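Chains as they are written, first to last, in the numbering used here: chain A, 1 to 272; chain B, 1 to 347.
We put the CB at the ideal spot given by N, CA and C, even for glycine.
Fair warning: this is a prediction, and the values are worked out from it, not measured in the lab.
These notes concern the structure reproduced below.
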């Protein structure tokens, strides 16, 4: 075999792998959309249409379903609280990691990642007991605390790489030009880091938005949308499942797509 | 008026001593260059004066005020950084205005000062641009303009020209000298480039291993190095050194020749001569030419004298080739002597 044939064969394998990966990701989303945007009768019928009929009956049915709107509202509240708390605690930690050398820095970085090592089911029961004792069970803020724990490592890592990318010299220049440390941060670092911080906030939002296990265990009356759908999975009709699935997936996908550049930065792939 | 006094300043990072005990007084409006190889402590000293690092011991006084416990903004200094540190999210105008706005100056005054310094640095046309739209040389100009607009008592510069290409560096060097002289500020300038140091400084402070070895006028530093290190660091090619053996009271044997030298008791010291102070003559060091490098105005030769490599800068009309034997005579009043143990110059 000549070199070109080998290379061509290699190319074909590569293209096939890319196509496979795309289908793997896109096909379920495609099916979800088709069914969410079709009339209930079409959802249960067969064969499927290639293009959705853009009949909003399924969506309307979903939104009108008892408990959906309040679950949706709970999801938004928990996600926003998670976002605020994860950035509020994570960004200062990321800044400290990026700017200062302190004893135990490596251990701290490791601990940040380690918080993700414990499976949530293991923690859920003790947490539920604890929450009941202190009265945080079945509350939006209580769930937001748990979600913050899940989102925090990412918030720390993303902002760490973000602040590391802003030369310290810029802050020092601001210090020599009349700023104190806080002013230097607000006037120089923050404007430069703002888009990345926003991205990290969006990511925290999505982590909370998608989380189902803790939500299902820790809430009863105040279910988030994920927990609500999980709970009613076996009793709800097919169109509701599809519409609910789409309502969950689309915002998350859209947000993640919008901030993808910064998420790559977390792993040092992108150079900014 | 801003005289700077550095009294016994030392800095340690853990077990590493970056600065031992620095004493240096810089007169008002003086241009002092801190010169040394990387790691000699020159940038650390500058950062301590700026207030970006704090000294482990000693005091820093600026304009009669002790400043070593004050934050940078209360020291009356501005600084130009090696990588310019031009704020990427602000226009050139707002960069230059940054410090003025921090001082809450009225808008008219801000505009006046920004315009004036921008004209001084020839960047009036760039005021609306962002740093991403500027070349390295232009960013450098913005950084200097930003420092000058503060009308500081002291300007600190940390290798400001080292990131520019050679031609631009030459141009900026001359321009900086003119601008800084006109601004009547006291300037401390850090560089590892001896040519930059020679051309800019009123006084060069040569640093080595966390100490200031010599702080004198450039010509003095060049002609009368206080230590062997200074002679070997300054000058391109550097000073030549030959071992000298005692041969009676004040007489020294150097590569087969006898010289009048210092009256010290040591059995062996070092003889030093600059490459341009060696001339072909009938009587002198027997040298075998190893390398001939014609440079235009003169020719640089590398030769072996009694097994030691020496360099000489000779007239370019001399016809020399590798393997030739020549006799090189040192200019008598340019000969310097160094103690082997202390490495210091012997008067």
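Burial state of residue i, where buried means 16 or more other Cβ atoms lie within 10 Å
i: residue 64 of chain B; result: exposed
i: residue 327 of chain B; result: exposed
i: residue 211 of chain A; result: buried
i: residue 11 of chain A; result: exposed
i: residue 277 of chain B; result: buried
i: residue 200 of chain A; result: buried
i: residue 30 of chain A; result: exposed
i: residue 42 of chain B; result: buried
i: residue 17 of chain A; result: exposed
i: residue 14 of chain A; result: exposed
i: residue 7 of chain A; result: exposed
i: residue 43 of chain A; result: buried
i: residue 283 of chain B; result: exposed
i: residue 285 of chain B; result: buried
i: residue 261 of chain B; result: buried
i: residue 207 of chain B; result: buried
i: residue 121 of chain A; result: exposed
i: residue 52 of chain B; result: buried
i: residue 301 of chain B; result: buried
i: residue 171 of chain B; result: exposed
i: residue 191 of chain A; result: exposed
i: residue 107 of chain B; result: exposed
i: residue 92 of chain A; result: exposed
i: residue 132 of chain A; result: exposed
i: residue 181 of chain A; result: exposed
Same chain, Cβ closer than 6 Å to residue i, neighbours up to 5 away in sequence not counted
i: residue 162 of chain A; result: 193 and 196
i: residue 202 of chain B; result: 30 and 31
i: residue 80 of chain B; result: 143, 144, 147, 157 and 160
i: residue 228 of chain B; result: 338 and 343
i: residue 92 of chain B; result: 126, 127, 129 and 142
Contacting residues, own chain, Cβ-Cβ under 7 Å from residue i (five flanking each side not counted)
i: residue 294 of chain B; result: 316
i: residue 274 of chain B; result: 235, 239 and 334
i: residue 271 of chain A; result: Confidence is the limiting factor: at residue 271 of chain A the pLDDT is only 40, short of 50, which leaves the residue's position unreliable, though a coordinate-based value still follows. The answer is none, since no qualifying residue turns up.
i: residue 206 of chain A; result: 252, 255 and 256
i: residue 118 of chain B; result: 96, 124, 127 and 145
i: residue 219 of chain A; result: 138, 143 and 227
i: residue 46 of chain B; result: 34, 156, 158, 188 and 190
i: residue 89 of chain A; result: 152
i: residue 243 of chain B; result: 268 and 270
i: residue 67 of chain A; result: 228
i: residue 88 of chain B; result: 130, 131 and 132
Check: residue i C-beta below 7 Å from any heavy atom of the ligand NAD
i: residue 152 of chain B; result: Absent from the structure shown: the ligand NAD. Ligands present: none.
Unbroken beta strand (DSSP E) run spanning residue i, endpoints
i: residue 189 of chain B; result: 186-191
i: residue 79 of chain B; result: 77-80
i: residue 5 of chain B; result: 4-13
i: residue 253 of chain B; result: 251-254
CB-CB length for residue i against residue j, believed under 8 Å
i: residue 62 of chain A; j: residue 247 of chain A; result: 7 Å
i: residue 62 of chain B; j: residue 190 of chain B; result: At roughly 17 Å, the Cβ-Cβ gap does not stay under 8 Å, so residue 62 of chain B and residue 190 of chain B are not in contact.
i: residue 253 of chain B; j: residue 340 of chain B; result: 15 Å between Cβ atoms; not a contact.
i: residue 17 of chain B; j: residue 210 of chain B; result: 6 Å
i: residue 133 of chain B; j: residue 84 of chain B; result: So it is not a contact: roughly 14 Å between Cβ atoms.
i: residue 35 of chain A; j: residue 203 of chain A; result: Incorrect: roughly 28 Å between the Cβ atoms, too far for contact.
i: residue 90 of chain B; j: residue 136 of chain B; result: The pair is not a contact, with the Cβ atoms about 18 Å apart (cut-off 8 Å).
i: residue 292 of chain B; j: residue 312 of chain B; result: Contact doesn't hold; Cβ gap of about 11 Å is too wide.
Close Cβ partners of residue i (< 8 Å) along its chain, the five nearest in sequence each way excluded
i: residue 141 of chain A; result: 81
i: residue 55 of chain A; result: 37, 38, 39 and 42
i: residue 281 of chain B; result: 327, 328 and 329
i: residue 324 of chain B; result: 288 and 289
i: residue 152 of chain B; result: 76, 77, 78 and 185
i: residue 49 of chain A; result: 34, 38 and 42
Unbroken alpha helix (DSSP H) run spanning residue i, endpoints
i: residue 199 of chain B; result: 194-200
i: residue 47 of chain A; result: Counting along the chain, residue 47 of chain A falls outside any alpha helix (DSSP H), and DSSP gives it neither H nor E.
i: residue 141 of chain A; result: 140-164
i: residue 330 of chain B; result: Run containing residue 330 of chain B: none in the alpha helix (DSSP H); it sits in the beta strand (DSSP E), 325-330.
i: residue 421 of chain B; result: This structure cannot settle anything about residue 421 of chain B, because the visible part of chain B is limited to 1 through 347.
i: residue 13 of chain A; result: 3-36
i: residue 29 of chain B; result: Per DSSP, residue 29 of chain B belongs to no alpha helix (DSSP H) and is neither H nor E.
i: residue 257 of chain A; result: 238-258
i: residue 58 of chain B; result: Unbroken run through residue 58 of chain B is the beta strand (DSSP E), 57-62; no alpha helix (DSSP H).
i: residue 123 of chain A; result: 120-134
Complete beta strand (DSSP E) runs within the stretch 262-309 of chain B (minimum length 3 residues, chain order): 268-273, 278-294 and 298-305
Tell me the start and end of each unbroken beta strand (DSSP E) in the stretch 201-240 of chain B that is at least 3 residues and wholly inside, in chain order. 203-208 and 211-216
Restricting to runs no shorter than 3 residues, where is the beta strand (DSSP E) found entirely within the stretch 92-133 of chain B? none
Taking only runs of the alpha helix (DSSP H) that begin and end inside the stretch 43-112 of chain A, which ones reach a length of at least 4 residues, in chain order? 57-64 and 68-99
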